[in-house]
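In the UniProt record's numbering, the protein residues as written are 1 to 548.
Every residue gets a Cβ at the ideal spot worked out from N, C-alpha and C, and that includes glycine.
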């Protein structure tokens, strides 16, 4: 049983991971991280080990109890009637308890997710919480918190005493979620304890009845038969009550299996490959201009919304970006810049109109074919746990010489080498600044052999002006020359010498043209945005664009 459960759990884990990796981005946006952590930690532990152990115990106890009943019935035949009654009573109480126990365990499993979410969020916001912990409070609030800390035993309460009054809302939320989880666990444990004791007393009645029958038939039974029947009769309560307990444990463990099977029914992204389209693309696709690596991007009345019940975030966008052009996306917060990028990567498909890359509608091709020609440099790069070599080339597809060439272009300090081990996570590795992490993201893009389109979400937000200039010269206008570049710009000087600027407002394209021309046009959206940011934002933008 345990070997079979281990094999099944391994197969289920692989299927769940595959299903989760194919889930759309919207699923991760709407699903708390603690829920996924709970599924892949406690639920898999239950399905992998606990379910096998309790299931094996049920089979063993069942065989033992049947053997005991058989031996006693052979010695005292009419005790078979009592055995049937005992089995019926045990089954009735198990069915009655199992329904409530299963629901309580399901709720307890669900209540575990907010606890793990609180822990994950606290770890992610450790710097902010530490800052808030030392924020000065007024005397009344401070005394109130001190009085509460004396009576609370939660980990965050203890931390508040040591670190200087951690924010109460964090502690209270954590304690509330833990209390809910423990309350539901108490219900489960109480139900199992009641079934445990009930099975004991029911089986004890059978044992006393067997002892009375042996006394009444002492003249017919031999001493050996009497001793054997009496021994089995009084051993029966022990096995029957643990049989009941393990049955409830199995049914409770099955709720974890139910939650894991839900992962197999997640909505999935479109097909990774569409052979009828992917295998018949034009030569050198998506490049359409000889000598240029980049592909032309065309938005044809494209509209996007994240759910049918939500308003559109991109409204009938029509624009054409020529292959190899460097294009800046400008607009206020919520204008639809990031949504346009999401539409290009097919994180969310347009519900109206289409997007063409190299003349081909991206909605008709496989995601793998599309995304292998795209790359993104996010504002907060993700670094994996491992060496810099692993972060630059996770699949080992490039030679040591090529890695060394790209690493040299990054111009990182001598103390940082390809074999330097980093800590993972979106917060980055200890010892690397935000700008250095951004440079590693550029290194990844340089190693993409089939890169045609590069999307950058303000890649220079975390680096100084000198490094910014080097990035633009070395990467954007140098190593990545000819690649179509889309930059979501929050600082106008970043796109000062770009070919085209697309200005968005409320999901619509309201302006398009060269940056210096738009800035000189009185009343233009870009000119008003620049005026709001101040004269320093104009600087290089008003100068004539350099020759390409």
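Contact under 9 Å by Cβ, residue i with residue j
i	j	result
residue 301	residue 316	yes
residue 91	residue 83	no
residue 6	residue 52	yes
residue 352	residue 318	no
residue 202	residue 86	yes
residue 374	residue 485	no
residue 211	residue 174	no
residue 358	residue 295	yes
residue 496	residue 516	yes
residue 422	residue 407	no
residue 273	residue 368	yes
residue 277	residue 360	yes
residue 530	residue 492	yes
residue 447	residue 398	yes
residue 432	residue 440	yes
Residue i, DSSP secondary structure in three states
i	result
residue 439	helix
residue 531	helix
residue 19	helix
residue 452	coil
residue 395	coil
residue 277	helix
residue 387	strand
residue 83	helix
residue 88	helix
residue 34	helix
residue 220	coil
residue 262	helix
Residue(s) in a DSSP beta bridge with residue i
i	result
residue 512	502
residue 410	DSSP, once it has assigned bridges, lists no residue as partnering residue 410.
residue 486	327, 455
residue 321	297
residue 303	352
residue 422	386
residue 361	356
residue 377	456
residue 314	304
Cut-off 8 Å between Cβ atoms - residues of its own chain near residue i, not counting five sequence neighbours on either side
i	result
residue 24	267, 268, 269, 347, 348
residue 120	33, 34, 37
residue 65	236, 239, 240, 243
residue 188	101, 104, 105, 108, 252
Cutoff 7 Å; reference residue i; Cβ partners in own chain excluding five residues on either side
i	result
residue 162	Per-residue confidence for residue 162 stands at a pLDDT of 41, beneath the threshold of 50, marking its modelled position as unreliable; no derived number is given.
residue 506	335
residue 46	253, 256
residue 15	264
Separation of residue j from residue i, as counted between CA atoms
i	j	result
residue 111	residue 180	7 Å
residue 502	residue 313	16 Å
residue 500	residue 394	34 Å
residue 498	residue 169	47 Å
residue 249	residue 240	14 Å
residue 242	residue 195	10 Å
residue 363	residue 356	8 Å
residue 456	residue 476	10 Å
residue 4	residue 177	35 Å
residue 275	residue 190	57 Å
residue 320	residue 309	29 Å
residue 504	residue 107	46 Å
residue 109	residue 38	8 Å
residue 338	residue 329	9 Å
residue 403	residue 306	39 Å
residue 156	residue 481	Summary for residue 156: the model assigns pLDDT 43, below 50, so the residue's position carries little reliability; its value from the coordinates is reported in the next sentence. Going by the C-alpha atoms only, they are around 52 Å apart.
residue 245	residue 344	55 Å
residue 434	residue 40	31 Å
residue 17	residue 31	15 Å
residue 332	residue 350	22 Å
residue 19	residue 508	35 Å
residue 182	residue 115	11 Å
residue 22	residue 384	20 Å
residue 414	residue 322	40 Å
residue 97	residue 193	10 Å
residue 79	residue 50	35 Å
residue 213	residue 55	34 Å
residue 27	residue 280	32 Å
residue 510	residue 518	12 Å
Beta-carbon contacts of residue i that lie in its chain and below 6 Å, excluding the five residues immediately before and after
i	result
residue 197	none
residue 75	225, 229
residue 388	418, 420
residue 209	82
Short CB-CB distance (under 9 Å) between residue i and chain B
i	result
residue 41	In summary, chain B is missing from the structure at hand, where a single protein chain is found.
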